[in-house]
Every structure is written in structure tokens, then in C-alpha cells.
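Undergrad: Protein chains in written order, with the UniProt record's numbering: chain A, 1 to 224; chain B, 1 to 224. By construction, the Cβ of each residue, glycine as well, lies at the ideal position given by its N, Cα and C atoms.
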DNA sequence: TCCAAAACTATACGCTTGCATAAATACTAT
DNA sequence: ATAGTATTTATGCAAGCGTATAGTTTTGGA
């Protein structure tokens, strides 16, 4: 009764770090980078602000960890779509492209997050390193899928094709995420498949994967 | 001698507004959105902070004006490259694509600026309107160039082609701006022309425009 | 059972932000 | 020459920022 100090239960390093990262990402996705203050993050994570400094050397460290988490998740989401597709290189590539142009990868919140971090890329060397690694990893995945296609191409051509296809996907992802209602349902998937197919000399649209996977609806990016 | 108050000369609305917009853009390009504080902007424009409120209703208004300025300029820069190209629709399209993938359009500073504003797109309706208008205007320009090509395509196909080509350009622009040293000199121009050509069924690379225009070197985006 | 270590809270400090307000200056019209 | 007005400076304020630090609670092992 003296002073009702907040009750709490210990949760340990792993859980708290994850909770703080998730809180930072959700705030940033909703309301932009400037909304992700230490107080707001702590509040959403159900702790007080001081705890951030207990688990991270500072806010910058938390943001760096959060960036790594979200970027990795986006590549994972694209890859997960083709994990169980076994029937041919073309189908796998088509699945990868389509997954990148559909939720939860193509998503306004995801783009808000990505944009919020992007401007940090130029100032913070460690953020830049994460960006570079993520971009190259994604492109390598794509290049591997392209290399598996039944066609002949030397290393130089393979690199150029991967860069071009990655460009199409990135550009369409960006525009579809930024202006969701400027495109019809599934329009960007079709366009993306046609474009990638044209670049590689294939008819990828023929492999148009089913619009729904086994999951009913993945509504949010931000939920863990 | 009493108190050395700062000397000044009157410059009038037009000049001051432009100076403040230019200052805001240059700060943002250099060091990100959070560096563009009212004090820093005023300082760079050679005035004191209070003047911003005299010419704009608030900082948000200044940022909105600045966003309109930079986005318009980027489309202009792409269009300027083909203003004096008269020999054929393919050559004009090739010039447009190439210009979008070279300085001053493709440029780390320009991308920093673009990214800095992008996350405002989701919160501020007026910023979003500018974004939408700029994107659609750019795409319409591209679509007009595509429509002028000697080939047959219905309206639906024309729209899809424009979206796809715009996607390639945007994606390559983004990656080349974000990671300039990940690509060879001129590599993205070549890849972009090949990709757009493949999508449209042309050999655009044959029209590869000269690497230099009549200007010696446009070094900076941020200078007016 | 109790005690030491770790987890967590609470508070305050210094700094920066955008903005309001009031005073001073430079220019223009007369 | 001078008065008037728009332009510009100067100053202060309330709010919010990240962080440092000290104190309190929980927890698990001796």
C-alpha cells in the first residue's frame, strides 16, 4: 500500500529480447520509425524502458537486431513457399516469384518496416552490412533457382539474369506494397511471372501456382 | 555594440521558400530525415529557425513541398534525357531507361531522399497523394513510350508491359543506388535495357545510348 | 529457510525538438 | 527624408528523447 510498485515476473534473456524486438517492429510497421521510442517499445513489450538497456547496449543495438530479424524473415517467407514444391525447376522458380509478390511478403506493413530501416543503411555501417548480406542472399537464392533451369547460360549471363529478375521482383514488390489498391488482385503476380519468364525465355505463367497455400490466411507480418 | 544582432537582407517569399526547400533536401540526402531539423534547415539556408514558420505553416508543410520538388525532379531528369532524341521510338525508350539507371537519377543521395520520404507515405495522406501522382506520372510516360513502339498490343497488354518495365527500372534503380559498388560501371544500364527489351520483345541494347551526354558531369542531385 | 544474483522498476538528468511570441531590422512608398 | 510594413531575428517554453543510476522484487540453489 505504501507505493504500488509494478509487479513482474522474470522471463529471461531470450524471451525478453524477442519481445522487445517484436515490439519495436510492430511499432515501426504501424507508425514509422519515429514512433519506435524506447518508452513505446517497452510499453508494448509489457516492461519498463530501463529494461531495454539491460538487454541491449542501447537503442541502436535493438534496432540492428530488429532489422536483421525482419530482413531474414522476408527471404524465409519467399523460400518457404517452394520448400515443398518438387516438380521441376520452372515450377520452383515460379513459386518463388509468386510468393514474393503476395502477402505476407508483399505487404504495406512490411514495406513500411523496410523503408523505415532503409534510410539507416546509409549512415550505420552495421545496418548497411545487414542490408548487403540480405540482398545478396536473396539474389543468390534466385540465381540458384535460375541456374537449375533446363537452359544454357554462362556465368556472366547467369549473374545478369539474376540481377534483372531480382530487379523486377523488387520493383513490383515495392509498388504493390506502397500502392496496394493501384493493382488488381493477383495482377502483379501474373505480371511478375510474365516478366521473369520473358527475361529468361520461359513460359513461367504456365506454372502459375495456386493462389492459396494450405494456410487459410496469414493476416499480419508483425505477429511473431 | 549593445548586442550584435545578426544582419540580414530581405529576399522575399519565392527565394526564401526555395532556399529552405533546398536546404531541407540537402540535409536529408546527406544525413537522413532526422537530421533535417528546423534549426539545421534554417542554418543551412542562412536564416534563423523562426523564418520557417513565417513561410510555411509548420515543418510538415515544408517537408511536403520538398517532397513534391524532389519527386518531380526525378521524373524530369529521366525525361530530359530523351528530349532531343528524335530517331525512333526504340531509341527514345532506350534513352529513357538508361537515364533512369544512371546519375543523377540513380544516385545514393537521391535514394536516401526517396527512402526518407517513403515512410511518410503511409501516415500522411498528402504525402501519399504526391507519391501516387509521381509514380503514375512516371509510369504513364513509360507507357507512352511503349505505345509508340512499332508493335501491336491491346490496352490490357500495354498496361501490363508498362507496369513490368517500370518494375524493372525501379528495382534496378533501387539496388544500384543502395549498393553502388555491388555493380560494375554501366552494368545496370545494360541489364536494364536487356530486361526491358526482353519483356517487350525488342533488342533495346542495340540502341544503347552514349554513356555521356553533352554535359561533362552532373555531380550532385541536391544542388538546384 | 534464507541469501546472493539476476531481472526488473523507478526516477531523474541533460539534450533536442517544433513552435509561439515579441522585438528589431531592412526595404518601399510617399 | 520618413513612416509604415513585411521580413527576419531572438528568446523561451513544453514535451519528448535516450540514457545513467539506484533501488526493489523475484527466483533458485545452498
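1. To test your reading of the DSSP string, which unbroken alpha helix (DSSP H) runs of 4 or more residues are found completely within the UniProt domain "HTH tetR-type" (14-74) of chain B?
2. Name the two residues that bound the continuous alpha helix (DSSP H) containing residue 179(A).
3. Please identify, using Cβ separations under 7 Å, the residues of the segment 114-126 of chain A that lie next to chain B, in order along the chain.
4. Could you run through the segment 134-162 of chain B and flag, in chain order, every residue whose CB is less than 7 Å away from some CB of chain A?
5. Kindly say whether residue 108(A), judged by its beta-carbon, lies nearer than 8 Å to any beta-carbon of chain B.
6. What whole-angstrom Cβ distance do residue 118(B) and residue 35(A) have, given they're in contact under 8 Å?
7. May I ask you to verify whether the segment 129-140 of chain B touches the segment 155-174 of chain B, counting CB pairs closer than 8 Å and requiring at least 3?
8. I believe residue 149(B) touches residue 61(B) by the beta-carbon criterion, under 8 Å. Please report the beta-carbon distance rounded to the nearest angstrom.
9. Quick check: the Cα distance between residue 64(A) and residue 6(B), rounded to an integer number of angstroms?
10. Can you name, in chain order, every residue of its own chain whose Cβ lies under 8 Å from the Cβ of residue 197(A), other than the five neighbours on each side?
11. Using the beta-carbon count (16 or more within 10 Å), is residue 96(B) buried or exposed?
12. Which residues in the same chain as residue 112(B) place their Cβ atom closer than 6 Å to its Cβ, once the five residues preceding and following it in sequence are excluded?
13. Is the CB of residue 52(A) under 8 Å away from at least one CB in chain B?
14. Measuring only between beta-carbons, confirm whether residue 170(B) sits less than 8 Å from chain A.
15. Residue ranges of each alpha helix (DSSP H) run of no fewer than 4 residues wholly in the segment 94-122 of chain B, ordered along the chain?
16. Within the 8 Å Cβ cut-off, does residue 213(B) reach chain A?
17. Residues in its own chain within less than 6 Å of residue 140(A) by CB, not counting five upstream and five downstream?
18. Within a Cβ cutoff of 7 Å, which residues of the same chain sit near residue 207(B), ignoring the five residues on either side of it in sequence?
19. Taking the C-alpha atoms as reference points, what is the distance between residue 216(B) and residue 102(B)?
20. Counting Cβ pairs closer than 8 Å, one from the segment 65-84 of chain A and one from the segment 151-162 of chain B, do we hit at least three?
21. So which residues on chain B does residue 31(A) lean against when the C-beta distance must stay under 8 Å?
22. Which of helix, strand or coil does DSSP assign to residue 191(A)?
TA: Result, derived from the coordinates:
1. With a minimum length of 4 residues, the continuous alpha helix (DSSP H) runs that stay inside the UniProt domain "HTH tetR-type" (14-74) of chain B are 38-45 and 50-55.
2. Where residue 179(A) is concerned, there is no enclosing alpha helix (DSSP H), because DSSP gives it neither an H nor an E.
3. Using a CB distance below 7 Å, the part of the segment 114-126 of chain A facing chain B consists of 115, 116, 118, 119, 121, 122 and 123, ordered along the chain.
4. Going along the segment 134-162 of chain B in chain order, one finds 135 and 160 with a Cβ nearer than 7 Å to chain A.
5. It does; some Cβ of chain B falls within 8 Å.
6. Between residue 35(A) and residue 118(B) the Cβ distance is about 15 Å, and since that is not below 8 Å, they are no contact.
7. Yes, since at least three Cβ pairs between the segment 129-140 of chain B and the segment 155-174 of chain B fall closer than 8 Å, the two stretches touch.
8. No, residue 149(B) and residue 61(B) are not in contact; Cβ-Cβ is about 42 Å, not under 8 Å.
9. Taking the straight line joining both Cα atoms gives about 43 Å.
10. Within the same chain, residue 197(A) has close Cβ partners 203, 204 and 205.
11. Only buried fits residue 96(B), as 16 or more other CB atoms lie within 10 angstroms of its CB.
12. So the qualifying residues of the chain are 29.
13. With 8 Å as the cut-off, residue 52(A) does not count as an interface residue toward chain B.
14. Yes, because at least one Cβ of chain A sits closer than 8 Å to the Cβ of residue 170(B).
15. For the segment 94-122 of chain B, whole alpha helix (DSSP H) runs of length 4 or above, ordered along the chain, are 108-121.
16. Confidence is the limiting factor: at residue 213(B) the pLDDT is only 45, short of 50, which leaves the residue's position unreliable, though a coordinate-based value still follows. For residue 213(B), the nearest beta carbon of chain A is not closer than 8 Å to its own beta carbon.
17. Excluding five sequence positions before and after residue 140(A), none of the CB atoms of its chain fall closer than 6 Å to its own CB.
18. Within its own chain, the residues whose Cβ lies closer than 7 Å to the Cβ of residue 207(B), once the five positions on either side in sequence are excluded, are 90, 91 and 94, listed in chain order.
19. At residue 216(B) the pLDDT is 46, less than 50, meaning the model places this residue with poor confidence; the figure from the coordinates comes in the next sentence. Taking the straight line joining both Cα atoms gives about 14 Å.
20. Cβ pair count under 8 Å is below three, so no.
21. For residue 31(A), the neighbours in chain B by C-beta distance under 8 Å run, in chain order, 123.
22. Helix at residue 191(A).
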